[in-house]
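Chains as they are written, first to last, in the numbering used here: chain B, 10 to 221; chain Y, 9 to 240.
Structure follows, in structure tokens:
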């Protein structure tokens with residue numbers, strides 16, 4: 010992926026970071042868009058242990074299937090016992106009807122299955138995975154392709170800077186550079202403990218968010 | 009579409025996480041505009057696993073009234089972090105050549121200030137003027153004025169002032185003071201607009217009040233090229 014970031018934007022792309030403990034990530038090539046023959050387009054961000062989770066979603070009346078499914082996951086669990094997020098780029102899975110909902114649920118279920126296969130007990134509260142998609146609207150997801158690569162993405166989960174970089178790269182659409190940041194901080198009650206924040210984001214067009 | 013994921017190893021209870029995220033997003037990802045279009049997929053998630061917390065005592069940050077110091081510190085840290093992340097999105101706006109901060113001050117309420125800032129940030133005429141490096145305060149004022157259609161009551165033409173604030177720390181360039189146009193030094197304006205970063209400061213009154221910040225970019229030929237070519 011070297012040389013892919015425009016020179017003027019290189020200053021915004023970190024070459025290292027202090028990442029939060031207990032989080033592992035991966036970026037995997039699927040080829041959601043047939044024209045994408047080399048870049049990662051499937052991201053998984055996971056906590057090694059179940060964690061707290063919260064999300065805000067678009068207030069657009071036409072909400073994409075992953076928005077509906079992720080809201081269900083968080084509501085059902087009350088924001089507890091979340092394991093991670095799975096994201097594909099290249100296809101938004103928006104305005105795709107009942108099949109879109111099924112596809113979004115399948116993506117989450119496949120990530121859940123990968124964790125179960127590691128011997129983790131099922132807590133009986135349904136999926137613990139948040140789903141996101143981004144890309145063109147109105148096309149069905151190539152779900153078989155995506156599902157077939159989730160185990161690879163799960164197997165490649167890692168905490169290194171390179172893994173975070175690839176993950177940030179995997180969620181890009183018309184973005185020209187991966188957007189990744191980290192920060193360290195302390196809290197008043199535990200001044201000797203250093204906590205960390207890592208964040209990745211994407212977006213370049215169709216941007217005027219109004220989320221709740 | 010905007011997507012964002014933030015992860016922390018601080019220990020945070022779900023209800024606190026939810027309110028921290030909402031507060032942070034309102035002041036960051038919900039305060040940016042590239043082209044004024046709200047996507048079907050916009051989502052920002054925040055995960056907290058407590059992995060860095062000392063084993064004993066394990067203190068989980070909870071929302072409470074009055075808010076604890078830890079809660080407020082974490083909320084402000086996440087807010088500033090989210091604003092920096094959101095800024096990266098604006099810097100990568102399709103075809104963008106400028107990063108513009110719109111600061112609206114002295115409003116009757118935070119909501120009023122944010123609506124005015126949003127109105128300016130999504131105005132195609134303001135954004136094309138910025139691309140053309142034109143200190144066109146008339147378009148800024150126009151967008152400020154029609155924010156009243158969104159329920160803003162605190163815009164009073166004779167109390168409104170507009171300035172460009174350079175990012176190099178030099179004094180602001182006043183374009184309009186209390187509704188009266190200033191004699192603008194065009195060379196100075198051109199100098200300021202030559203820079204990638206710019207702040208537009210709109211004071212709705214001389215009296216102290218609430219402030220909101222919005223981040224946006226200019227509109228260029230390249231935006232039309234990119235989106236004319238993009239296929240659904």
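For each residue, glycine too, the CB sits at the ideal point set by N, CA and C.
Under the three-state reduction of DSSP, residue 111/B is assigned to helix.
Counting only Cβ-Cβ distances below 7 Å, residue 69/B has contacts in chain Y at 46, 47 and 48, in chain order.
For residue 212/B, the nearest CB of chain Y lies under 7 Å from its own CB, placing it at the interface with that chain.
With respect to the 7 Å criterion, residue 104/Y and residue 36/Y are not classified as neighbours on the basis of their beta carbons. DSSP, reduced to helix, strand and coil, places residue 33/Y within a helical segment of the structure shown. The alpha-carbon of residue 129/B is positioned some 17 Å away from that of residue 94/B. By the CB criterion at 7 Å, residue 111/B and residue 156/B fall outside the cutoff. With a cutoff of 7 Å on beta-carbon distance, residue 98/B and residue 138/B are scored as not near each other.
The DSSP assignment places complete beta strand (DSSP E) segments of no fewer than 3 residues inside the stretch 98 to 172 of chain B at 138 to 145, in order along the chain. Assignment of residue 35/B by DSSP, reduced to helix, strand and coil, places it in the strand class.
Under the DSSP assignment, residue 52/B falls in the beta strand (DSSP E) whose first and last residues are 51 to 66. DSSP places residue 237/Y within a helical segment (H, G or I) once states are collapsed to three. Going by DSSP, residue 69/Y is part of no beta strand (DSSP E) at all; its letter is neither H nor E.
In this structure, the alpha-carbon of residue 150/B lies about 10 Å from that of residue 116/B. The C-beta of residue 47/B has fewer than 16 other C-beta atoms within 10 Å across all chains shown, which makes the residue exposed. Non-local beta-carbon contacts of residue 90/Y in its own chain, meaning distances under 6 Å to residues more than five positions away in sequence, involve 32 and 36 in chain order.
Against chain Y, a Cβ distance below 9 Å from residue 205/B picks out 15, 16, 17, 18 and 60.
For residue 25/B, the secondary structure class from DSSP, reduced to helix, strand or coil, is coil. Taking the CA atoms as reference points, residue 199/B sits about 14 Å from residue 193/B.
Around residue 29/Y, the same chain offers 54 as residues with beta carbons nearer than 6 Å, after the five sequence neighbours per side are excluded. The C-beta of residue 12/Y comes closer than 7 Å to at least one C-beta of chain B. Scanning chain B for C-beta atoms nearer than 8 Å to the C-beta of residue 89/Y yields 190, 192, 206 and 208, reported in chain order.
At a beta-carbon threshold of 8 Å, none of the residues of chain B lie near residue 83/Y; the nearest stands roughly 11 Å away. Closer than 7 Å to the CB of residue 74/Y there is not a single CB belonging to chain B. Put simply, the stretch 114 to 134 of chain Y touches the stretch 217 to 227 of chain Y. At least three CB pairs are less than 8 Å apart. Per DSSP, the unbroken alpha helix (DSSP H) holding residue 83/B starts and ends at 74 to 86. A straight line joining the alpha-carbon of residue 100/Y with that of residue 209/B spans about 14 Å. Proximity of residue 16/B to chain Y, defined by a Cβ-Cβ separation below 7 Å, is not satisfied. Against chain B, the CB of residue 227/Y has no partner CB under 7 Å away; the residue lies outside that interface. Of the other Cβ atoms in all chains shown, fewer than 16 fall within 10 Å of the Cβ of residue 175/Y; this residue is therefore exposed. With distances taken between CA atoms, residue 155/Y lies nearest to 119/Y out of 177/Y, 182/Y, 119/Y and 169/Y.
The beta carbon of residue 30/B sits closer than 7 Å to some beta carbon of chain Y.
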